[in-house]
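Down below is the structure, laid out as structure tokens.
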Amino acid sequence: MDQQQQRLCVISIVGIGGLGKTTLARKLYCDNAVSNHFQKCIWVTVSEENSLMGLLRKMLEEVQVIEKEKLEKMTENDFIDMLNDSLRTQRFLIVLDDIWREDVWNQIQTSFPDANNGSRVLITTRFLNVAKRADPRSTPYELPLLNDDESLKRLLKKAFLYEDAEANCISELLDIGRHLMHKCGGLPLALVVLGGLLSIKDKTPVVWRRVLETMDWAAEGRQCQEILALSYEDLPYHMKSCFLYLGAYPEDYEISGNELIWQWIAEGFILQEERKTMEDTGEAILEELIQRSLIHVNMRKNNGSVKRCGVHDLLLDFARSTAKKDIFLIVCSNENDQPTYLASSRRVAFHNVNDTKINEISRVSTMHGLRTLMAFGLRYLSIDSPIFRFKLLRVLDLTESIRLPKQIELLIHLRYLRLGDVNYLPSSIGNFQSLETVLLGHSTRIPFTLWKIKTLRHVQVRLCEPPQSLELKNLHTLDYVAFGSYKIINWRFPKLKKLKVEINKEHQGTMLTHLLCGLHHLISLYIRAKGDCPIEINTKDFPFYNHLLSLRLFGFWPKGAAVYEYPICLTKLELMHSKLEQDPMPKLERLKYLVSLQLFPHVYLGKTMVCSTGGFPSLKSLFITNALPAKYGHIASPSMPNFLVDAMPNLEEWRVERGAMPKLAFLELTSCKKLKVFPDLQHVMSLQELKLGDMSQELMLRLQREAGEDWYKIQHMPKLTLGK
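Written out as structure tokens, the structure is:
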């Protein structure tokens, strides 16, 4: 990056599919020096199926917070003008990943103002003419193929995933490995997919030679496609369906690991195994697809399970073409797609197609056997939409829709229902006697009839009050419910693993304790106590004490006390508004598996906090902040309007002894205004990122780069974000 060039420059990475363009761009985008240099960084996946309006909207949403209703009314010129106005005053980096055509660049470039301030646009493309058109004064970087040594290392590293490749790869395997490597043509994607295939097989010459013998192609330029096909054909039958299903998602879409598994279950891809839940089996399948490099992990939860995942665009193309050929799935992402293509498919996914086109296809098409319908980028669906005449639907995913057609009551075979910000569910949903998963954005009215469905496994809603007596023997997820005005409840969920609940009256603490005593399989618990209702529980009394992994407690403790004993296997803990009078760290730091600790406003009201030697042996991220993540935007409190309060209002001293938090990688500390001296973190060499904001002027002066007397405590950290 030439910092002497102040004009708006376009940097291009060019190469064939599977060469690693996006990987390189992502490394640059995430580099600490890069992110510290620019005031605003935006990543946008372009691809063939995205519309210009969709791209402009994505960028604007990264720059400004705008109401959805206003966004819906904006024109193309409105987006361009607002982007220009917003970006003109900032040094920005915008990454446009996977531009296919010159005309796309010509349309989108008008959104980027040249304020002569060193801003940059980074594009990835398969086409050199696109790169040259984007900036004739810059030389595109043409990504080279891997050489033989690099290729062999990449292949063996993946094949010997949990082993030392050099120590375990005998000479005969190495010879075969070289032949396998040559078949990949220096393409990183081909190498990791082939390595993933080898990783699940026996490490013997006979097995590897058998794989080599199946690779009998000779055509140049086809290596990647052939290896993807080889890896797909090696999948067990039931796993092939799970892989092809990924083709329904848009390019670069962050797929929820849980929701993907729940969809597989609804489709019937996962069979019940003895002593295992279908969710456990689905998770094992997901992990094997990851090991085979057919799926990549974007983020894992603190307990190690997959939170979000994705698919490389070449693998996505392969999944879609194979699914279309097998009449398994059709993706409609173009206004010109014809209904005849969809006639015999069991599954259809619409990408950025308006409701007029969907209605046209639905009226003309003869998709009588349609089992799955997914729509991305669709907010408005006609109230009389004909899609609801497909009465055999099992999976309906209208994740962004804010309108619910009344004909939904006809879909009595539904097993999976995901809706956006609809206002209500009709009482007829009680007729869906096979329904397993219900995911609702901001629904407010949930009919009692929903709770009569005995097959329910996962319910995620904004906030609702189930009936006073309720037994659901298959329920795994209940998120998010309240006790309402009940004096007593009789809820039985013997298989529940995740619970999110709200209490707002003092007697409800006893009701909650009664409920928790019957939950033997709980691994995730969220309790929010509103108003003056205290949280008064002893987790040691509950049957899940030894295996609870995630605990979130939002509310105050009686008399400033804390939990008597925290569950010993916690990997994630969040506390807010606890009003603790004693230092919580002595108890918290004994949680040897704790990976993430988040302390939100008013957790601790004392003046001194100490993290002692040997404490928090596994902690990787620590938040002490008044800034709630977006997922808690619905929480409100009259005493804390918009949470513009101090995180720990009285904290004057925070001591971190040498040997504490040896694995800490991320620390966010905001709004502790009485803290004048930064803790001794110079010995925590694992720290990669520090965020400070809304702290005392005295503390910030002491941390001034090079000049501050406490600069030595943080100078080893690669990424620093120091607010006022």
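Position 716, counted from 1, in the sequence shown is what our numbering calls 716; the numbers after and before it change by one each time, with no gaps. By construction, the Cβ of each residue, glycine as well, lies at the ideal position given by its N, Cα and C atoms. What you are looking at is a predicted structure, and each value in this text was computed from that prediction instead of being measured.
Between the alpha carbons of L271 and D280, how many angstroms are there, rounded? Distance between the alpha carbons of L271 and D280 is about 11 Å.
Drop a sphere of 10 angstroms on the beta-carbon of D728, count the other beta-carbons inside from all chains shown, and report buried for 16 or more, exposed for fewer. Absent from the structure is residue 728, since the part of the chain shown begins at 1 and ends at 724.
For N352 and G54, which I take to be in contact (beta-carbon distance under 8 Å), what is that distance rounded to the nearest angstrom? In this structure N352 is in contact with G54, their Cβ atoms being roughly 6 Å apart against a cut-off of 8 Å.
Is there a Cβ of chain C sitting closer than 9 Å to that of H182, yes or no? This model lacks chain C altogether; it includes just one protein chain.
Which same chain residues end up closer than 8 Å to I488 when comparing Cβ atoms and leaving out the 5 residues on each side of it in sequence? Sequence-distant Cβ neighbours of I488 in its own chain, meaning closer than 8 Å and more than five residues away, are Q468, M511.
I'd like to know if the segment 170-189 and the segment 153-160 are in contact, where contact means that at least 3 CB-CB pairs between them fall below 8 Å. By the C-beta criterion, the segment 170-189 is judged to be in contact with the segment 153-160, since at least 3 inter-stretch pairs fall below 8 Å.
Which of the three DSSP states, helix, strand or coil, is assigned to R590? Collapsing the DSSP output to three states places R590 in coil.
Does D103 come out as helix, strand or coil in the three-state DSSP assignment? Note: D103 maps to helix in three-state DSSP.
Quick check: the Cα distance between L703 and D710, rounded to an integer number of angstroms? About 5 Å.
Would a C-beta distance cut-off of 9 Å place T735 and I537 closer than the cut-off? The first residue shown for the chain is 1 and the last is 724, placing residue 735 beyond what the model contains.
What do you get for F448, buried or exposed, if any count of 16 or more other CB atoms within 10 angstroms of its CB means buried? Exposed, because fewer than 16 other Cβ atoms sit within 10 Å of the Cβ of F448.
For the beta strand (DSSP E) containing A266, list its first residue and its last residue. The continuous stretches of beta strand (DSSP E) do not include A266, which lies in the alpha helix (DSSP H) extending over residues 257-267.
Just verifying my parser: in three-state terms, what is the DSSP assignment at Y245? Here Y245 sits in helix by DSSP.
The segment 36-52 / the segment 92-101 touching (three or more Cβ pairs under 8 Å): Using a Cβ-Cβ distance cut-off of 8 Å, the segment 36-52 and the segment 92-101 are in contact, since at least three pairs of beta carbons, one from each stretch, lie closer than that value.
For G369, which of R346, G377, R389 has the nearest alpha-carbon? Ranking the options by Cα distance to G369, first place goes to R346.
With the cut-off set at 9 Å, would you say P584 and L599 are in Cβ contact? Contact flag set, yes.
Do L690 and E668 have their beta-carbon atoms positioned less than 9 Å apart in this structure? Taking 9 Å as the Cβ cut-off, E668 and L690 qualify as a contacting pair.
Cα separation between V306 and V192? Their backbone Cα atoms lie some 20 Å apart in a straight line.
Rounded to whole angstroms, what's the CA-CA distance from M239 to E251? Just pull it up for me. Roughly 21 Å between the two C-alpha positions.
Measuring CB atoms only, is the segment 10-22 touching the segment 121-140, in the sense that at least three cross pairs come out at less than 8 Å? Proximity of the segment 10-22 to the segment 121-140 meets the contact definition, three or more beta-carbon pairs being nearer than 8 Å.
Go through the segment 119-175 residue by residue and report every complete run of the alpha helix (DSSP H) that reaches 4 residues or more, in order. Considered as a whole, the segment 119-175 harbours 128-134, 148-159, 165-168 as its complete alpha helix (DSSP H) runs of no fewer than 4 residues, in chain order.
Under the DSSP definition of a beta bridge, which residues are partnered with Q460? In the DSSP output, where bridge partners are listed per residue, Q460 has L439, D479.
For G693, which option in Q682, H683, C672 has the closest C-alpha, if you only look at C-alpha atoms? Selected option, being the one with the closest Cα: C672.
Applying the criterion that 16 or more other CB atoms from any shown protein chain within 10 Å of the CB defines a buried residue, is A707 buried or exposed? By the 10 Å Cβ count, A707 comes out exposed.
From the DSSP output, in three-state form, read off G15 for me. Of the three classes helix, strand and coil, the one that applies to G15 here is coil, per DSSP.
Using CA coordinates, which residue listed in R371, K203, D135, L515 is at the minimum distance from D164? Checked all of R371, K203, D135, L515; the closest Cα to D164 is K203.
Can you tell which of P494, R492, A482 has its C-alpha closest to the C-alpha of K500? Out of P494, R492, A482, A482 has the C-alpha closest to the C-alpha of K500.
Sequence-distant residues of its chain with Cβ nearer than 8 Å to I290 (five each side left out): Listed in chain order, the non-local C-beta contacts of I290 below 8 Å within the same chain comprise H296, V297, V306, C309, local neighbours out to five positions each way being set aside.
For L417 and V438, believed in contact at Cβ under 8 Å, the rounded distance: Yes, they are in contact, since the Cβ atoms of V438 and L417 sit about 5 Å apart, within 8 Å.
CA-CA distance, C224 and L143? Near 16 Å, if we compare the C-alpha coordinates of L143 and C224.
Within the same chain, show all residues whose beta-carbon is closer than 7 Å to that of S612, passing over the 5 residues directly before and after it, in chain order. Excluding residues within five positions, the ones whose Cβ falls inside 7 Å are E589, E657, A660.
Roughly how many angstroms separate the alpha carbons of H547 and I568, rounded to a whole number? Rounded to the nearest angstrom, the two C-alpha atoms are 8 Å apart.
Straight-line gap, R7 to R705 (C-alpha atoms, nearest Å): Answer to the nearest angstrom: the Cα atoms are 28 Å apart.
To the nearest whole angstrom, what separates the beta carbons of K663 and L619, a pair I think is in contact under 8 Å? Their Cβ separation, rounded to whole angstroms, is 6 Å, which keeps K663 and L619 in contact under 8 Å.
Who are the Cβ neighbours of I261 in its own chain at under 7 Å, not counting the five residues just before and after it? By the criterion of a C-beta distance shorter than 7 Å, I261 is surrounded in its chain by E279, G282, E283, L286, once the five residues flanking it on both sides are discounted.
When the distance is taken between beta carbons, is L60 closer than 9 Å to M82? In this structure, M82 sits near L60, with a CB-CB distance shorter than 9 Å.
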